[in-house]
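Each position in the sequence shown, counted from 1, maps to that position plus 10 in this note's numbering.
Yeah, the Cβ is synthetic: ideal placement off N, Cα and C, and Gly gets one too.
This structure is a prediction, so every number in the text was calculated from the model and none was measured.
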Amino acid sequence: RGGPVRTVGDALHDGHGLPLVRTLADAAFQLLAAGTGSSIGRENAPRQGAAAVAAALTRNKNSASGVAVELVAIAAGAGLGAVYNVPLAGAIFAFSVLRITPTLRTVLTALAVSGLATVTAWPVVGHQAFYTLPEFSPSRGLVLAAVAWMVVVMPLAGGIGGAFAAGADWAGRHRTPPRWYLPLTVGAAGAAVGACALVLPPVPGNGFDIIQLTLHLGGSGALFACLLVAKPALTVLCLRCGAVGGTLTPALATGASLGGAAAFFFHWAGLPWMDSEYSIISCALIGAAAVLAVTQRAPLFAAVVTWELTAAPLWLVGPIVISALGSFYLTRWARRAAARRASTRTAAATAP
């Protein structure tokens, strides 16, 4: 009842805040849906809950003012940073994804709030990286493989990430309305995920298992190729059927699957530098950042959150950042070029 739940984006757009109780209840249901296996991310819940609390605290202080709106965005990023132990990415989220204006005041506030929230959450979530990596040293072959994949992944991530983002946007516009049959459609989507899990066991949930599989040298090229298709498709299906959640972790899992499948393919093809099993890890991390940069339309956030979530070795930071930036700007260039061609064709068709 009462229509769709307001999002953080709604609150930032019109400055009317978020209803505290209803927003927190919706965040709890998002965690429940992801926990029961729906193919959606749960990162929306902590940032939505934190934003709702910030909106409630500023409600009697001209909530439509610029400062109040900035605090809501900063709180949303801090909620994300606290739960996933990514304080720097949480601060960047407010500027790169929620698009508040970066000034010295807002940047320092975002860093302080996100850092404090993350440290406060350590007794509950721990202070270790969210994903664990095996220890390995950067050999010459690994570095060359990472650099080569960094270049190759850009158009691939642009196409896959662009299709995923378009599908998620379409699902959001055509989401099942909150009527009596909503539980049935959400249940049907969950059943589809469960059926797919009989063949692809890592596919349920937000994508955590897929990412861990790539980072711990599990799976096969065929498995990762199937997950590359199944994960975004099932996420779009769940969103279309009315489930509410994020696409951050599913996008990371999709990119990691892309990297894992590519590493196996390159090894099978006998390409140099891809003979180390640890090339799967580097390809997965680079692929994850590249796809996330396109789906979130925020390359800096994508690169930093990938690094913080995994505590990736410093020698991989460069390829991760460059692949994220390259994928994003290549996709944006292709989209604008397509729009110009379409505009030219329309003008030519309507010319006398």
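The way I'd put it, the segment 232 to 250 doesn't touch the segment 80 to 92; fewer than three beta-carbon pairs between them come closer than 8 Å. In the DSSP assignment, residue 140 falls outside any alpha helix (DSSP H), carrying neither H nor E.
Nearest to residue 64 by C-alpha distance, out of 51, 53, 78 and 336, is 78. By the CB criterion at 7 Å, residue 351 and residue 216 fall outside the cutoff. Residue pairing by DSSP places residue 256 opposite 51 in a beta bridge. Residue 171 is a Cβ neighbour of residue 301, given a cutoff of 7 Å. Annotation for residue 171: the continuous alpha helix (DSSP H) segment containing it runs 150 to 183.
When the Cα atoms are used, residue 237 and residue 118 turn out to be separated by approximately 40 Å.
Closest in alpha carbon position to residue 34, among 121, 262 and 54, is 54. Residue 191 sits in coil when the DSSP states are folded into three classes, being neither helix nor strand. Under the DSSP assignment, residue 353 falls in the alpha helix (DSSP H) whose first and last residues are 327 to 360. In the three-state DSSP reduction, residue 251 falls in the coil class, being neither helix nor strand. Between the beta-carbon of residue 47 and that of residue 200 there is about 6 Å, and that keeps the pair under the 8 Å contact cut. When DSSP states are grouped into helix, strand and coil, residue 94 belongs to the helix group. Here residue 140 is near residue 319, since their CB atoms are less than 7 Å apart. Annotation: residue 147 to residue 261 spans about 27 Å, alpha carbon to alpha carbon. Taking every protein chain shown into account, the CB of residue 190 has fewer than 16 other CB atoms within 10 angstroms, so this residue is exposed.
Here residue 175 has 305 as same chain residues with Cβ atoms under 6 Å from its own Cβ, once five neighbours each way along the sequence are excluded. Between the C-alpha atoms of residue 193 and residue 205 there is a straight-line separation of about 18 Å. The C-alpha of residue 227 lies about 32 Å from the C-alpha of residue 125.
Closest in C-alpha terms to residue 69, from the list 43, 95, 42 and 29, comes 29. Minimum Cα-Cα distance from residue 44 among the listed residues 112, 142, 161 and 257 corresponds to 257.
For residue 35, the enclosing alpha helix (DSSP H) begins and ends at 30 to 45. Judged by DSSP secondary structure, residue 17 falls outside any alpha helix (DSSP H); it is assigned neither H nor E. By the Cβ criterion, the segment 305 to 315 is not in contact with the segment 269 to 283, since fewer than three pairs of Cβ atoms, one from each stretch, lie closer than 8 Å. Annotation: the continuous alpha helix (DSSP H) that includes residue 125 extends over 114 to 135. Excluding residues up to 5 positions away in sequence, 141, 259, 262, 263, 266, 294 and 298 lie with their Cβ nearer than 8 Å to the Cβ of residue 221 in the same chain. Shortest Cα-Cα distance from residue 40 to any of 122, 254 and 76 involves 254.
Between residue 143 and residue 225, the C-beta spacing is below 7 Å.
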